[in-house]
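S.K.: Numbered by the UniProt record's numbering, the letters in the sequence shown go through residues 1 to 297 in order.
The C-beta atom is built at its ideal place from N, Cα and C for all residues, glycine as well.
Being a predicted model, the structure only gives us computed values, none of them experimental.
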Amino acid sequence: MAAEANVPSVNKAWVYAEYGKPADVLKLDPNVPLPRVEEDQVLIKVAAAALNPVDHKRLLGYFKDTDTALPAVPGYDVAGVVVKLGSQARKFKYTAVEERLLAVKPKNLSFAEAASLPVAIETAYEGLQRAQISASKSILVLGGAGGVGTHVIQAASKTCFWCLAATASTKKLDWLRGLGADLAIDYTKDNFEDLPEKFDVVYDAVGQSDRAVKAVKKGGKVVTVAGPITPPAFMFMLTASGSILEKLNPYLESGKVKAVIDPNGPYPFSKTLEAFAYLEASSRAIGKVVVYPIPSP
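1. Return the bridge partner residues of lysine 288 from the DSSP annotation.
2. Is it buried or exposed for leucine 238, if we count other Cβ within 10 angstroms and need 16 for buried?
3. Pick out whichever of Val37, Pro118, Gly255, Leu195 has its Cα sitting closest to the Cα of leucine 179.
4. Round the Cβ separation of leucine 51 and alanine 226 to the nearest angstrom and send it over; I've been treating them as touching at under 8 Å.
5. Contact check, lysine 84 vs leucine 43 under 8 Å by CB: the rounded distance?
6. What's the gap between the Cα of valine 213 and the Cα of valine 78?
7. Three Cβ pairs or more, each shorter than 8 Å: is that satisfied between the segment 120-131 and the segment 261-281?
8. Going by the beta-carbon positions, is the gap between valine 201 and alanine 166 smaller than 8 Å?
9. Could you tell me the boundaries of the alpha helix (DSSP H) in which glutamate 154 lies?
10. With respect to the alpha helix (DSSP H) encompassing tryptophan 175, which residues constitute its N-terminal and C-terminal limits?
11. How about lysine 214: is its C-beta nearer than 8 Å to some C-beta of chain C?
12. Taking the alpha carbon of proline 118 as the reference point, which residue from Gly86, Val289, Lys221 has its own alpha carbon closest?
13. Taking the alpha carbon of proline 53 as the reference point, which residue from Tyr278, Ser241, Ala112 has its own alpha carbon closest?
14. What are the boundary residues of the beta strand (DSSP E) that includes glycine 86?
15. According to DSSP, is aspartate 55 part of a helix, a strand, or is it coil?
16. Once you ignore the five residues that flank glycine 242 on each side, which residues in its own chain have a CB closer than 7 Å to its CB?
17. What number of angstroms, rounded off, separates the C-alpha of valine 73 from the C-alpha of serine 116?
18. Give the DSSP bridge partners of tryptophan 14, in chain order.
19. Quick check on this structure: which residue in Ser296, Ala215, Tyr19, Ala156 has the alpha carbon closest to the alpha carbon of proline 196?
20. Could you check the C-alpha separation between leucine 183 and arginine 177 for me, to the nearest Å?
21. In three-state terms, what does DSSP make of valine 141?
22. Output the distance between the C-alpha atoms of threonine 150 and tyrosine 94, rounded to the nearest integer angstrom.
23. Rounded to a whole number of angstroms, what is the C-alpha to C-alpha distance between leucine 60 and glycine 147?
24. Using CA coordinates, which residue listed in Gln154, Tyr76, Glu18 is at the minimum distance from glutamate 98?
25. Rounded to the nearest angstrom, what separates valine 37 and proline 8 at their Cα positions?
26. When the Cα of serine 110 is compared with those of Ala285, Asn11, Ala48, Glu39, which residue comes out closest?
27. Determine the extent of the beta strand (DSSP E) in which phenylalanine 269 is found, giving its start and end residues.
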């Protein structure tokens with residue numbers, strides 16, 4: 001842990017003071033005060049950050065009624081070094097985070113790889129748990145090459161599903177097979193809901209729940225990360241927890257589960273706007289869009 005005497009009072013950050021498209025509202029501010037560290041928090045010097053679709057939606061104001069007050073800094077997924085502890089933070093020796101949300105970085109991963117994991121891998125695993133997966137079931141993953149989809153495929157392949165199918169565009173089909181998909185479906189040419197075989201579980205990682213329900217067996221389950229739902233479906237919020245990341249640590253350190261960063265990146269901190277522009281074209285990304293390195297103040 002860095003000495004507190006070396007912690008600056010301000011740092012550089014991309015900030016938005018109004019809602020709109022990233023290119024219009026995100027501004028680089030060189031003098032953003034460091035957040036106050038509460039008793040149960042730690043201060044992290046951020047080395048890398050990953051962007052999620054929800055970050056883009058926050059910028060557009062989708063959650064303005066419940067979101068952080070403006071001005072705000074985008075981003076949920078980070079990796080870095082702890083530089084200051086709150087009085088009740090005991091687990092870890094330039095963002096303030098509750099300690100319960102943190103986990104030690106896997107030893108074999110870079111900061112960029114580690115930053116790509118939290119939201120995507122926790123979403124994948126909690127969704128599969130909710131679907132009550134087992135080795136005797138078949139599963140279809142919509143958006144198999146995206147941030148969440150890549151981890152659903154990796155987790156499902158380790159669970160020994162007897163049939164693991166996933167969708168992606170033409171250029172990404174070999175990528176799906178390499179991750180562990182038995183059947184790679186080109187959504188630009190084939191409608192997955194027209195397949196004669198239906199699936200026990202459909203994991204919709206793109207927001208096509210209206211189509212997903214047409215591909216599931218009677219009595220099967222659909223998990224969707226976005227889009228409208230109707231009863232008997234129900235909504236649940238992701239339970240963010242460092243303990244989930246810690247449970248997955250052995251799989252990451254052994255290489256059984258891999259972090260997936262889009263080959264177009266990582267993007268340097270100065271090109272954060274370009275990273276957001278690439279994120280907006282969500283059908284293009286493989287895995288996660290990552291910003292790295294993030295320079296010291």
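M.R.: On the basis of the data shown:
1. Your numbering for residue 288 matches position 288 in the sequence shown. Ile261, per the DSSP bridge assignment.
2. As a working mapping, residue 238 is identified with position 238 in the sequence shown. Label assigned to leucine 238: exposed.
3. Taking the first residue of the sequence shown as position 1, residue 179 is located at position 179. Nearest of Val37, Pro118, Gly255, Leu195 to leucine 179, Cα basis: Gly255.
4. The residue labelled residue 51 in the question sits at position 51 within the sequence shown. The residue labelled residue 226 in the question sits at position 226 within the sequence shown. Contact doesn't hold; Cβ gap of about 16 Å is too wide.
5. In the sequence shown, residue 84 corresponds to position 84, counting from 1. In the sequence shown, residue 43 corresponds to position 43, counting from 1. About 4 Å separates the two Cβ atoms, so the contact holds.
6. The residue labelled residue 213 in the question sits at position 213 within the sequence shown. The residue labelled residue 78 in the question sits at position 78 within the sequence shown. Roughly 34 Å between the two C-alpha positions.
7. no
8. The residue given as residue 201 occupies position 201 in the sequence shown. The residue given as residue 166 occupies position 166 in the sequence shown. It is not a contact, given that the beta carbons lie outside the stated cut-off.
9. Looking up residue 154 in the sequence shown gives position 154. Strictly speaking, residue 154 in this sequence is glutamine, with glutamate absent from that position. Where glutamine 154 is concerned, the enclosing alpha helix (DSSP H) stretches over 147-158.
10. Mapped onto the sequence shown, residue 175 falls at position 175. From DSSP, the alpha helix (DSSP H) with tryptophan 175 extends over 173-179.
11. In the displayed structure, chain C is absent; only one protein chain is listed.
12. Within the sequence shown, numbered from 1, the residue matching residue 118 stands at position 118. The residue with the shortest Cα to Cα distance from proline 118 is Val289.
13. Along the sequence shown, one-based indexing puts residue 53 at 53. Looking at the Cα atoms, Tyr278 is the closest of the given residues.
14. As a working mapping, residue 86 is identified with position 86 in the sequence shown. Careful: glycine 86 lies outside any beta strand (DSSP E) and carries neither H nor E.
15. As a first step, residue 55 is located in the sequence shown; it is residue number 55 there, counting from the start. Helix at aspartate 55.
16. By one-based count along the sequence shown, residue 242 stands at place 242. So the list reads Arg100, Leu101, Leu102, Ala103, once near-sequence residues are dropped.
17. Counting from 1 along the sequence shown, the entry for residue 73 is found at position 73. Counting from 1 along the sequence shown, the entry for residue 116 is found at position 116. Distance between the alpha carbons of valine 73 and serine 116 is about 18 Å.
18. Start at 1 with the first residue of the sequence shown, and residue 14 comes out as number 14. Bridge partners of tryptophan 14: Leu28.
19. Walking along the sequence shown from the start, residue 196 turns up at place 196. The option with the nearest alpha carbon to proline 196 is Ala215.
20. Position 183 of the sequence shown, counted from the first residue, corresponds to residue 183. Position 177 of the sequence shown, counted from the first residue, corresponds to residue 177. In a straight line, the C-alpha of leucine 183 is about 7 Å away from that of arginine 177.
21. Within the sequence shown, the letter at position 141 stands for residue 141. If DSSP states are grouped into helix, strand and coil, valine 141 belongs with the strands.
22. As a first step, residue 150 must be located in the sequence shown, where it is residue number 150. As a first step, residue 94 must be located in the sequence shown, where it is residue number 94. Near 29 Å, if we compare the C-alpha coordinates of tyrosine 94 and threonine 150.
23. Taking the first residue of the sequence shown as position 1, residue 60 is located at position 60. Taking the first residue of the sequence shown as position 1, residue 147 is located at position 147. Distance between the alpha carbons of leucine 60 and glycine 147: 21 Å.
24. Counted from its first residue, the sequence shown places residue 98 at position 98. Residue Tyr76 is the option with its Cα nearest to glutamate 98.
25. Residue mapping note: residue 37 aligns to position 37 of the sequence shown, counting from 1. Residue mapping note: residue 8 aligns to position 8 of the sequence shown, counting from 1. For valine 37 and proline 8, the distance between alpha carbons rounds to 14 Å.
26. Walking along the sequence shown from the start, residue 110 turns up at place 110. Checking every option, the nearest Cα to that of serine 110 belongs to Ala48.
27. Here residue 269 is taken as the residue at index 269 of the sequence shown, counted from 1. Premise fails: phenylalanine 269 is in no beta strand (DSSP E) and is neither H nor E.
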